[in-house]
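What follows is a set of notes on a single structure, which appears directly below.
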Amino acid sequence: MALLGTILLPLLGFALLGLFGKRMREPLPGVLASGLVLASFLLGAGLLLSGGARFQAEWLPGIPFSLLLDNLSGFMLLIVTGVGFLIHVYAIGYMGGDPGYSRFFAYFNLFIAMMLTLVLADSYPVMFIGWEGVGLASFLLIGFWYKNAQYADSARKAFIVNRIGDLGFMLGMAILWALYGTLSISELKEAMEGPLKNPDLLALAGLLLFLGAVGKSAQIPLMVWLPDAMAGPTPVSALIHAATMVTAGVYLIARSSFLYSVLPDVSYAIAVVGLLTAAYGALSAFGQTDIKKIVAYSTISQLGYMFLAAGVGAYWVALFHVFTHAFFKALLFLASGSVIHALGGEQDVRKMGGLWKHLPQTRWHALIGALALGGLPLLSGFWSKDAILTATLTYPFGGVGFYVGALLVAVLTAMYAMRWFVLVFLGEERGHHHPHEAPPVMLWPNHLLALGSVLAGYLALPHPLPNVLEPFLKPALAEVEAHHLSLGAEWGLIALSAAVALLGLWAGFVFFQRKVFPAWYLAFEAASREAFYVDRAYNALIVNPLKALAEALFYGDRGLLSGYFGLGGAARSLGQGLARLQTGYLRVYALLFVLGALLLLGVMRW
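Note that the sequence shown ends on residue 606 in this note's numbering; no numbers are left out.
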């Protein structure tokens, strides 16, 4: 029951704040929500230190409600609740004065509870509950300011695009059930240690589960929802895009590593999609003018790196990047929030600049986050990104092409990370007045995230330095043998990775301080700002034709169904007739109850 408690604590916060939050004065809802997430973190850490835990209860025929805390799920639990707690604390200050203050923290706690259900699940149906739960919570959070039509549309877009991936998840589960008669992850893992049943159908199941991961983790071609998710408050962006929802797809692949390790063709497809997504996200980040959208496209790119690592078979390396990314990406989003707070809501980087002298603490948070994203040697992002680059050459499903592509993306990443920092904090002031530093409740979480952005990578240093994370995670993952490079070759690749990162950071720092840019770059930036017109193509080919069809069928009384078949009018008349039965008189309801019972008895007798 203690393991179930890690989920019930934030779920309790959702219930209390949903029912009684409006009666609480600020900052009590935020303090309560943050405290319950911290309690979940401490409980989970205690259970992990004591050797893990398991919970199982009867649920559906043949499918128990089963939870498992092992090293893998415990690792994710600590990331979700640890970084989630810091974002909760930051939101206490950021959301101050908002009329929906208590509702915001109720949704935040619901999100954490559903994410914990997802990572602790020991069966795919239980994981799917958490999977759909975080989809619902993200819909509520992205559209939190729902009176703004654009924000509400962004929430619907995220919800609808994710349903495409969810269909794949369900079909994948159906095939696994048909093949093995179970959806327990532990039982499937044991079953696949022997001869495979129908490898072709199993490969289809793997692809369909991967489709679910593509939707949740915004990989090509379902990446279009994530940049629009910036419509929500900044703490929402940090929670969804740093350590939780978008990494759920990576976790699904890692938890299912027993499946993908025996499907080399599917694994290769995952690596290809990951590399293409990493390149697309990096190229699209260059043209963005919204301070949060630049960071959002970097999330797409970094998720691509994680899928590349998982695709080549380096599952623990993918999780290592999940870990370091949680710190520096949450830091970048929350630093962006501090800038937005300082400028009274301004988000356009073209109206920023010169903030270095006005924000003495946020400037260091932003610099550390940007350098960690860009892969500056000795920061956390450098170690995990280098591990991915090396893995493309040493793991069985990798190759030189993946290495070269990932190295080029690393240069682009360093450049756009510097672009973000230069446009916001350096140069001359553009369009803002009297910026002010964030309050302590918003700064302290960023101090800790900055510390993590520097130190998190030291849990998995390259050979012969200590590597704590690999032996911790590997027992919960499928065995995939990698060939080891010589010490000289490995450190030679590390030196190349460091040189590439330094080159990209320097080039970005110098290039984006220019006042006049060459014509070729302006043309590229214009295409990048539109994310290379993918959204426009989707709207033209899919969204707009479907909208036109819907309007033709259901546009008031003149719609096709109403006007020609009378279905709309018939349904309305039936509803009005049934409404007349609701008289409000108890004797009428009693009479209808008796008549219904007599009718039912007559049918049974007949």
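For each residue, glycine too, the CB sits at the ideal point set by N, CA and C.
Asked	Found
Three-way DSSP call (helix, strand, coil) for SER623 in this model	Only positions 1 to 606 of the chain appear in the structure, and residue 623 is not among them; the question remains open.
Closest Cα partner of GLY143 within the set ARG103, MET127, LEU378 and ILE129	ARG103
Length at least 3, wholly inside the region 129 to 211: the beta strand (DSSP E) runs in chain order	none
Minimum length 4: unbroken alpha helix (DSSP H) runs contained in the region 343 to 367	none
Chain C within 8 Å of ILE220, Cβ atoms only	Protein chains in the displayed structure number just one, and chain C is not present.
Contact under 8 Å by Cβ, GLY311 with ALA414	no
Outcome for ASP122 when other beta-carbon atoms lying within 10 angstroms are tallied against a minimum of 16	buried
Under the three-state DSSP convention, the category GLN302 falls into	helix
For SER261, three-class secondary structure by DSSP	coil
CB of ALA417 within 8 Å of CB of ALA456, strictly	no
N-terminal and C-terminal residue of the alpha helix (DSSP H) that PRO29 is part of	28 to 49
4-residue-minimum alpha helix (DSSP H) runs that sit fully inside the region 450 to 534, ordered along the chain	469 to 473, 487 to 511 and 519 to 529
Candidates THR324, ALA495 and ALA550, of which the one nearest SER453 by Cα	THR324
THR583, buried or exposed, once every other Cβ within 10 Å from all chains shown has been counted against 16	exposed
Nearest-angstrom beta carbon gap, TRP225 and ASN162 [assumed within contact, 8 Å]	7 Å
Pair within 8 Å by beta-carbon distance, GLU26 and PHE286	no
Cβ pair LEU407, LEU389 closer than 8 Å	yes
Residue nearest to GLU437 in terms of C-alpha spacing, selected from ILE494, TRP356, ARG430 and GLY304	TRP356
Neighbourhood of GLY206 by C-beta, 7 Å cutoff - its chain only, sequence neighbours within 5 removed	LEU259, TYR260, LEU263 and VAL266
Given 8 Å, three or more beta-carbon pairs between the region 277 to 291 and the region 249 to 256	no
PHE75 burial status per 10 Å Cβ neighbour count (16 or more: buried)	buried
SER66 - partner residues in DSSP beta bridges	GLN56
Outcome for ASP612 when other beta-carbon atoms lying within 10 angstroms are tallied against a minimum of 16	Outside the shown range of the chain (1 to 606) lies residue 612, about which nothing can therefore be said.
Residue from VAL349, LEU485 and VAL409 whose Cα sits closest to the Cα of ALA425	A quick correction: the sequence has Phe, not Ala, at residue 425. Nearest C-alpha to PHE425: VAL349.
Residues bridged to ASP98 (per DSSP)	DSSP lists no partner for ASP98.
Short Cβ contact (8 Å threshold) for ALA137 with TYR107	yes
Range covered by the alpha helix (DSSP H) that runs through PRO233	Here PRO233 belongs to no alpha helix (DSSP H), and DSSP marks it neither H nor E.
Three-pair Cβ contact test at 8 Å for the region 33 to 48 versus the region 76 to 93	yes
Sufficient close CB pairs (3 or more, under 8 Å) joining the region 165 to 179 to the region 204 to 224	yes
Pairwise C-alpha distance: GLN576 and LEU591	20 Å
Supposed close pair THR234, TYR94 - CB separation, criterion 8 Å	6 Å
Backbone CA spacing between VAL119 and LEU443 [nearest angstrom]	29 Å
Cross-strand partners of ASP228 (DSSP beta bridge)	Bridge partners of ASP228: none, in fact.
Residues near VAL500 by beta carbon distance below 7 Å, same chain, minus five either side	LEU407, ALA410 and VAL411
Residue(s) in a DSSP beta bridge with ASP290	ASP348
Start-to-end residues for the alpha helix (DSSP H) that takes in TRP420	400 to 425
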